[in-house]
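Line by line, the protein sequences give chains H and R.
Last residue of the first sequence: 414 in this note's numbering, with the numbers rising by one and none dropped.
Last residue of the second sequence: 1414 in this note's numbering, with the numbers rising by one and none dropped.
Positions of the beta carbon are idealized from the N, C-alpha and C atoms, including for glycine.
From a predicted model like this one, the values you see are computed outputs, not experimental measurements.
Read the structure below first, then the notes.
2 protein chains.
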Amino acid sequence: MRHSTSRSDAERLDRDDPLKSLRGRFDLPAGVVYLDGNSLGALPKNVAERVYRVVTEEWGRDLITSWNLHGWMELPSRVGGRIAPLIGATTGEVVCADSTSINVFKLLAAALKLNPDRSTILSDSGNFPTDLYMAQGLGELIGGARRLRVVDEETLVDSIDENTAVVMATHVNYRTGRRHDMQAVTRRAHELGALMLWDLAHSAGAMPIELDAVRADFAVGCGYKYLNGGPGAPAFLYVAERHLDSVRPPLSGWLGHEAPFAFDLEYRPASGIERNRVGTPAILNMAALDAALDVFDGVDMKQVREKSVALAEYFIELVEERCGEFSVELVSPRNASARGSQVSFRHPQAYAVMQALIERGFIGDFRAPDVLRFGFAPLYVRYVDAWDTAAALRDILETGAWDQEKFRVKSRVT
Amino acid sequence: MRHSTSRSDAERLDRDDPLKSLRGRFDLPAGVVYLDGNSLGALPKNVAERVYRVVTEEWGRDLITSWNLHGWMELPSRVGGRIAPLIGATTGEVVCADSTSINVFKLLAAALKLNPDRSTILSDSGNFPTDLYMAQGLGELIGGARRLRVVDEETLVDSIDENTAVVMATHVNYRTGRRHDMQAVTRRAHELGALMLWDLAHSAGAMPIELDAVRADFAVGCGYKYLNGGPGAPAFLYVAERHLDSVRPPLSGWLGHEAPFAFDLEYRPASGIERNRVGTPAILNMAALDAALDVFDGVDMKQVREKSVALAEYFIELVEERCGEFSVELVSPRNASARGSQVSFRHPQAYAVMQALIERGFIGDFRAPDVLRFGFAPLYVRYVDAWDTAAALRDILETGAWDQEKFRVKSRVT
């Protein structure tokens, strides 16, 4: 398909978009094109009111009674149950809890226990670093021969062997957008007797995922990216039904106890997914995520994926046509079936270029050392956003507008 | 000191209370006497507006840029730094992160690593169960001979021996209000070569604590009890300055990395307290806690403790005088120096009695099997509250009002 570079064509694509009404479910600031929903999702419209009510009415007025009265105690399972259909899981296989990093630790430890005669946690260098760090920390803690082994992402499948206890991979690469073939990797892990842990941080909420269908063993994911749960939203974890009662939680907290309010001195795991809870849930953040999930009501994830692919292809074509002469090079896979919902380009001055874009109101992200990352959250990003961003990028590159001292100072967080 | 049982005497005590203005810093519901601030602190007045602003302006309008623009990334250290003076610590020894349970796990694992030739985590049966469960989970995970040993709380000090790697104790018992002598236990642990981990869940914010002065090694505590941070507020952890650079975090997440945004494949701990962070902080809950800490501005913790003791003694005297004939028996230590900021009584029908109190608007708590627990958060509880609660308790016991079917059904959370 050839796109014209006229903005009116982008406007036409938006008019024909079957998901166009979903953008109205978000509060987006004026004058901003937001292409960083893969880092922090935008604010859904009903969140502010829900959080305000939780603070003033539930906490302020009803105080401690809210644990029963307003269902705070059940919130982790309830939110987990709402995430389940977005990732191809069954209610009862998913709970909302803690951070992605901590959930990685829980499930890696559980996997090692279920596969006691094997030594290796196998992952790849395209994984998000915290997953690798948590595996390193776990290995050091338990000592002995059990260790993380990190291979290149292209060689992950072929590196699974009879020493592999568990394969841990992030479905979509945070930097390049490259997507693993979930079915193929899982199948190969199982063929060789390994368990499979998926990190869905960069895919949950952006595309259909079929954890049960591919027979994944474990998964974790993030609440604040495509699920739009807000800054520091609690994460989720998935345990396949067949493992629910075999998992022995290493972080065995009271809210994962069979009878938390019996105050026994001995830990006894709760049945099912509940045992993977640890301490008191962060109710304000979790209520925000609960409210945020309303934006998925009635949404067909296949349509979401179709729009994501169309947006990304449109953007790649525009950028290559208009900016190709300025050392901009596609990093993401060109083939949509090998890509998530983001598009990354390499540029030698990526940091300064991104700062210049941000100053003009086009918010993407920089990832070290030289990557411009643009996330296409299909629920609220439009074709005109892609068009306008490509135009701004061309202007910045053509005029050298990025070449200013103020754009070169790296702040701690980018 | 003899108190009259006249309500006007309670009113006089309130008029003379040097801290009486602090109650105005809270939004307390009408018609409720709240004696459960040791489970969930009341809502400080400035929290709702702060959280609303974080949601709508910081998240909604400024989106991903808020990590820098609004200091989200520094929030854990900043909030930790505000908690530090309340617990006798120095800025840089305290960080706000995760849940109390998870922080117990981190610091127990660190302590075992620092004391590698000893096998025992020593604790007592008065500890809050989740601390024991986390220690059990850690012991199972690392295997070998390193195990939790639980003794009666009266024998804790005498049970420390040359096998003790770390002593873990909760400063104030969640059920009885009994308080450990922090200095004596810590000194004995050190004499025998053990490290000391304190759980301040039921004391931080209710009394002066001197972690540095007693030379505690580690501490954890809760953000949502006397610190009033709201439901599921993140917890805090303390590492004595002399250990800061020796701690090797078992939960080695990216935000505890020396350079989180370098995205290295190898974990390198950040310097100082920062290494004890794991994943992305729960910003909404943490901002609520940050705003809540304003209520401590200019507050003298010695005065807070004096009021706590006076309130508790007044309440004990009233209840014993007026309800002693109805099988109500003091569980908390009579000696204030051995007590925290709560008063517990035993009654054979404690559950039903507490439900009857709650129905009348007097919110205390039940703790299995037979404990009526009343928390005296000195920042907002008044002498008239103590008077009115004792009067209601007497009426309920005298008339047998608790003896109704509806008060006997135990819900899951109490």
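With DSSP run on the structure shown, which of helix, strand or coil describes residue i?
i                 : result
Met1 (chain H)    : In this prediction, Met1 (chain H) has a pLDDT of 40, which is less than 50 and means its spatial position is unreliable; what the coordinates show is noted afterwards. Looking at Met1 (chain H) - three-state DSSP - the assignment turns out to be coil, as it is neither helix nor strand.
His1255 (chain R) : Sequence inspection shows Leu at residue 1255 (chain R); the His mentioned does not correspond to that position. Three-state result, Leu1255 (chain R): helix.
Asp1300 (chain R) : coil
Glu1306 (chain R) : helix
Asp1062 (chain R) : coil
Val185 (chain H)  : helix
Arg1023 (chain R) : helix
Ala1194 (chain R) : coil
Thr1120 (chain R) : strand
Thr56 (chain H)   : helix
Arg1412 (chain R) : Low confidence applies to Arg1412 (chain R): its pLDDT is 44, below 50, so where it sits in the model is not reliable enough to give any reading.
Arg1012 (chain R) : helix
Tyr1415 (chain R) : No statement about residue 1415 (chain R) is possible, as the shown extent of chain R runs from 1001 to 1414 and does not include it.
Phe1236 (chain R) : strand
Tyr351 (chain H)  : helix
Pro281 (chain H)  : coil
Arg149 (chain H)  : strand
Ala1204 (chain R) : strand
Thr974 (chain R)  : In the structure as shown, chain R starts at 1001 and stops at 1414, and residue 974 (chain R) therefore has no counterpart that could be examined.
Ser1101 (chain R) : helix
Ala213 (chain H)  : coil
Leu244 (chain H)  : coil
Gly1324 (chain R) : helix
Ala83 (chain H)   : Residue identity check: residue 83 (chain H) is Ile in the sequence provided, not Ala. Three-state result, Ile83 (chain H): helix.
Met1073 (chain R) : coil
Pro1129 (chain R) : helix
Ile1160 (chain R) : coil
Asn173 (chain H)  : coil
Gly144 (chain H)  : coil
Strictly by DSSP, which residues pair up with residue i?
i                 : result
Glu1049 (chain R) : BP columns for Glu1049 (chain R) are empty, so no partner.
Arg1178 (chain R) : R:Arg1339
Pro1249 (chain R) : DSSP output for Pro1249 (chain R) lists no bridge partner at all.
Glu1329 (chain R) : R:Arg1346
Pro318 (chain H)  : Note that residue 318 (chain H) corresponds to Leu in the displayed sequence, not to Pro. DSSP, once it has assigned bridges, lists no residue as partnering Leu318 (chain H).
Met1168 (chain R) : R:Leu1197
Val1033 (chain R) : R:Phe1362
Ala1262 (chain R) : In the DSSP output, where bridge partners are listed per residue, Ala1262 (chain R) has none listed.
Ala43 (chain H)   : With the sequence shown as reference, residue 43 (chain H) is identified as Leu, and Ala is not the correct amino acid for it. Bridge partners of Leu43 (chain H): H:Asp27.
Pro269 (chain H)  : H:His257
Phe218 (chain H)  : H:Leu197, H:Val239
Ala1096 (chain R) : The sequence shown places Cys at residue 1096 (chain R), rather than the Ala named in the question. Paired residue(s): R:Phe1236.
Next on the checklist: With three or more C-beta pairs closer than 8 Å as the rule, is the segment 102 to 119 of chain H touching the segment 281 to 294 of chain H?
Outcome noted: The segment 281 to 294 of chain H and the segment 102 to 119 of chain H do not touch, with fewer than 3 CB-CB distances between them shorter than 8 Å.
Next on the checklist: Short of 9 Å Cβ to Cβ, which residues in the segment 1043 to 1068 of chain R face chain H?
Outcome noted: Within the segment 1043 to 1068 of chain R, the qualifying residues are Leu1043, Val1047, Ala1048, Val1051, Tyr1052, Val1054, Val1055, Thr1056, Glu1058, Trp1059, Gly1060, Arg1061, Asp1062, Leu1063, Ile1064, Thr1065, Ser1066, Trp1067, Asn1068.
Item to check | alpha helix (DSSP H) segments (min. 4 residues) lying fully within the segment 365 to 408 of chain H | outcome: 383 to 399
Checklist entry - Name the residues in the segment 1362 to 1380 of chain R whose C-beta lies less than 8 Å from a C-beta of chain H; which are they? => result For the segment 1362 to 1380 of chain R, which is checked against every Cβ of chain H, the residues closer than 8 Å are Ile1363, Asp1365, Arg1367, Ala1368.
Checklist entry - What residues from the segment 1152 to 1172 of chain R come within 8 Å of chain H, judged by C-beta to C-beta, listed N to C? => result none
Next on the checklist: To be precise: take each residue of the segment 1205 to 1216 of chain R, compare its Cβ to all Cβ atoms of chain H, and keep it if any distance is under 8 Å. Which residues remain?
Outcome noted: none
Checklist entry - Between the segment 270 to 300 of chain H and chain R, which residues of the former have CB atoms less than 9 Å from a CB of the latter, in chain order? => result For the segment 270 to 300 of chain H, the residues whose beta carbon sits under 9 Å from a beta carbon of chain R are, in order, Val278, Gly279, Thr280, Pro281, Ala282, Ile283, Leu284, Asn285, Met286, Ala287, Ala288.
Checklist entry - Would you say the segment 221 to 228 of chain H touches the segment 243 to 259 of chain H, given that touching needs at least three Cβ pairs under 8 Å? => result no
Next on the checklist: Quick test of the definition: if touching needs 3 or more C-beta pairs under 8 Å, does the segment 1208 to 1219 of chain R touch the segment 1083 to 1101 of chain R?
Outcome noted: yes
Checklist entry - Would you say the segment 1346 to 1362 of chain R touches the segment 1189 to 1204 of chain R, given that touching needs at least three Cβ pairs under 8 Å? => result no
Checklist entry - Is the segment 194 to 203 of chain H touching the segment 166 to 182 of chain H in the sense that three or more CB pairs, one from each, lie closer than 8 Å? => result yes
Next on the checklist: Counting only Cβ-Cβ distances shorter than 8 Å, please list the residues of the segment 1087 to 1102 of chain R near chain H, keeping chain order.
Outcome noted: Asp1098, Ser1099, Thr1100, Ser1101, Ile1102
Checklist entry - Do three or more CB pairs link the segment 307 to 316 of chain H to the segment 385 to 393 of chain H at distances below 8 Å? => result yes
Checklist entry - Which of the residues in the segment 1112 to 1135 of chain R, read from start to end, lie with their CB under 7 Å from any CB of chain H? => result Ser1125, Pro1129, Thr1130, Leu1132, Tyr1133, Met1134
Next on the checklist: Under 8 Å, CB to CB, which of the residues in the segment 1315 to 1328 of chain R have a partner in chain H?
Outcome noted: Considering only beta carbons, no part of the segment 1315 to 1328 of chain R lies closer than 8 Å to chain H.
Item to check | Interface positions of the segment 1223 to 1235 of chain R facing chain H (Cβ-Cβ less than 8 Å), listed along the chain | outcome: Tyr1224, Gly1230, Pro1231, Gly1232, Ala1233, Pro1234, Ala1235
Checklist entry - Which residues, taken in chain order from the segment 1331 to 1344 of chain R, show a beta carbon closer than 8 Å to some beta carbon of chain H? => result none
Checklist entry - Would the segment 1287 to 1302 of chain R and the segment 1073 to 1084 of chain R be scored as touching if the rule is three or more Cβ pairs under 8 Å? => result yes
Checklist entry - Taking any Cβ of chain R, which residues in the segment 233 to 258 of chain H have a Cβ under 9 Å from it, in chain order? => result For the segment 233 to 258 of chain H, the residues whose beta carbon sits under 9 Å from a beta carbon of chain R are, in order, Ala233, Pro234, Ala235, Arg248, Pro249, Pro250, Leu251, Ser252, Gly253, Trp254, Leu255, Gly256, His257.
Checklist entry - When the Cβ atoms of the segment 43 to 59 of chain H are set against those of the segment 1049 to 1067 of chain R, are three or more pairs found closer than 8 Å? => result yes
Checklist entry - Given a limit of 9 Å on CB to CB distance, which residues of the segment 1168 to 1198 of chain R reach chain H? => result Tyr1174, Arg1175
Item to check | Interface positions of the segment 1011 to 1026 of chain R facing chain H (Cβ-Cβ less than 8 Å), listed along the chain | outcome: Per Cβ criterion, the list is empty.
Checklist entry - Given 8 Å as the limit, is there contact between the segment 1148 to 1167 of chain R and the segment 1117 to 1125 of chain R, that is, 3 or more CB pairs closer than that? => result yes
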